[in-house]
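First residue of the sequence shown: 1084, per the working numbering; consecutive thereafter.
Even glycine gets a Cβ: it sits at the ideal position worked out from N, Cα and C.
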Amino acid sequence: MEANKKVSIVIPVYKAADTITRCVESLENNTYKNLQIILVEDCSGDQTIGVCRKLADMYDNVLCVENDQNHGVSYTRNHGLDYAEGTYLMFVDSDD
1084 MEANKKVSIV IPVYKAADTI TRCVESLENN TYKNLQIILV EDCSGDQTIG VCRKLADMYD
1144 NVLCVENDQN HGVSYTRNHG LDYAEGTYLM FVDSDD
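Laid out in structure tokens, this is it:
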């Protein structure tokens, strides 16, 4: 990979209050630091959105995006693409 190119990581999030923090912390602990992490919350209806907002407040490179209604994982991934700024793109699931 070319030196210091930004990597955007889109994470669709649905009812993942128990797993999303571990997922984001794992990415933050990566040796490659030029990351943009985009959490796309798909109207879980539980405390997941609060956890996502807290993570976005904790880390400068984490963005929390909310769907207007539950759309499913394919739409949610595509919604995240609208915010991607990186040269490279990857998808991660919230329980990875």
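Whole-Å CB distance - residue i paired with residue j, under 8 Å assumed
i, j, result
"GLN1130", "LYS1089", "With 8 Å as the limit, GLN1130 and LYS1089 do not qualify as a contact, their Cβ atoms being about 30 Å apart."
"VAL1233", "ILE1094", "This structure cannot speak to residue 1233, because the chain is shown only from 1084 to 1179."
Cβ-based neighbour list, residue i, same chain, cut-off 6 Å, excluding 5 preceding and 5 following
i, result
"LEU1172", "SER1091"
Backbone secondary structure at residue i - three-state DSSP
i, result
"GLU1111", "helix"
"SER1157", "helix"
"VAL1175", "coil"
Span separating the alpha-carbon of residue i from that of residue j
i, j, result
"MET1141", "VAL1107", "11 Å"
"VAL1096", "ALA1086", "30 Å"
"GLY1128", "ALA1139", "19 Å"
"ASP1125", "ARG1105", "19 Å"
"ILE1121", "VAL1148", "7 Å"
"HIS1154", "GLY1163", "13 Å"
Sequence-distant residues of its chain with Cβ nearer than 8 Å to residue i (five each side left out)
i, result
"LEU1110", "ILE1092, LEU1118, ILE1120 and VAL1175"
Bridge partners - residue i, DSSP secondary structure assignment
i, result
"CYS1147", "LEU1122"
Contacts around residue i, its chain only, beta-carbon distance under 7 Å, and the 5 residues preceding and following it disregarded
i, result
"ASN1144", "LEU1118, GLN1119 and ILE1120"
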